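Enquirer:
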Amino acid sequence: VTPAVIDELKDRKIELVRCSNMNGKAIAGTQRASANTREHSAIVVAQENCNIDINAFEKQLPSAQFVRAESNSLESTLETIAASTSQGKLAVLLTNTPSSAVIAANRNPRIRAAVGFNFPAVRRAVDEAGANLLAIDSSGKSETQIIGLVNEFLNRS
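Taking the working numbering, the leading residue of the sequence shown gets 4, the next gets one more, and so forth.
1. Would you check if there are 3 or more beta carbon pairs closer than 8 Å linking the segment 135-144 to the segment 96-107?
2. Gln50 lies in the beta strand (DSSP E); which residues open and close that run?
3. Leaving out the 5 sequence neighbours to the left and right, which residues in its chain are closer than 7 Å to Cys53 when beta-carbon positions are compared?
4. Determine the burial state of Ala134: buried for a count of at least 16 other Cβ atoms within 10 Å of its Cβ, exposed for fewer.
5. Quick one: what does DSSP say Arg126 is sitting in, helix, strand or coil?
6. I'd like the span of the beta strand (DSSP E) that includes Ala94, first residue to last.
7. Which runs of the beta strand (DSSP E) at least 3 residues long sit entirely within the segment 58-117? Give them in chain order.
8. What's the gap between the Cα of Glu73 and the Cα of Asp56?
9. Are the beta-carbon atoms of Ile84 and Val48 separated by less than 9 Å?
10. Taking DSSP as the reference, what is the three-state secondary structure of Asp10?
11. Please list, in chain order, all residues of the same chain as Asn75 whose beta carbon is under 8 Å from its beta carbon, the five residues on each side excluded.
12. Return helix, strand or coil for Ile139, following the three-state DSSP convention.
13. Sorted by chain position, which residues of the same chain lie with C-beta nearer than 7 Å to Lys13's C-beta, five sequence neighbours on each side aside?
Pasting the structure below:
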């Protein structure tokens, strides 16, 4: 790991962890440096093309702020999210195009985005990538499934 990478990880508040397993093989990973010390605050953004009942989400996740994107413009949606993540908030994007959203989001240095297709993917997003934005494909998932994924992300981060 180069000094430049170490500096970038520090800037993003990600701690590089080095250790070895029982066989003496080196293992490296990352973790959010302040994960255990801060209260979770989050923004959940539903893109315009998502058929999501925001009122149902607000009842199930009262600690999160819910926003319906005013347009289907991914660029403007990601600017809203970047403003929140730069304040230390976690973000969830409910979209029908999560892979495209993650590719675009990761171009912004304030965002570490990952796709949350299922619970193992959400766990990897937090544990391996230190994600502060989780993109969830809202098509084909029930509100209960989506709320479960959001809860997993917020509780694990």
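C-beta atoms are modelled at their ideal positions from N, C-alpha and C, and glycine is treated no differently.
In this text, all values refer to a predicted model and were calculated from it rather than measured experimentally.
Expert: Answer, in terms of the structure:
1. Taking a cut-off of 8 Å on C-beta distances, the segment 135-144 touches the segment 96-107, as three or more cross pairs fall below it.
2. From DSSP, Gln50 is part of no beta strand (DSSP E); its letter is neither H nor E.
3. Here Cys53 has Leu97, Thr98, Asn99 and Ser141 as same chain residues with Cβ atoms under 7 Å from its own Cβ, once five neighbours each way along the sequence are excluded.
4. So Ala134 ends up on the buried side.
5. Looking at Arg126 - three-state DSSP - the assignment turns out to be helix.
6. Where Ala94 is concerned, the enclosing beta strand (DSSP E) stretches over Leu93 to Thr98.
7. The segment 58-117 contains, as complete beta strand (DSSP E) runs of 3+ residues, the segments 67-71 and 93-98 (chain order).
8. Rounded to whole angstroms, the separation of the alpha carbons of Asp56 and Glu73 is 15 Å.
9. It is a contact, given that the beta carbons lie within the stated cut-off.
10. Under the three-state reduction of DSSP, Asp10 is assigned to helix.
11. Cβ neighbours of Asn75 beyond the five flanking positions: Gln50, Glu51 and Asn52.
12. Judged by DSSP in its simplified three-state form, Ile139 adopts strand.
13. Take Lys13, set aside five residues on each side of it, and no residue of its chain has a beta-carbon closer than 7 Å to its own.
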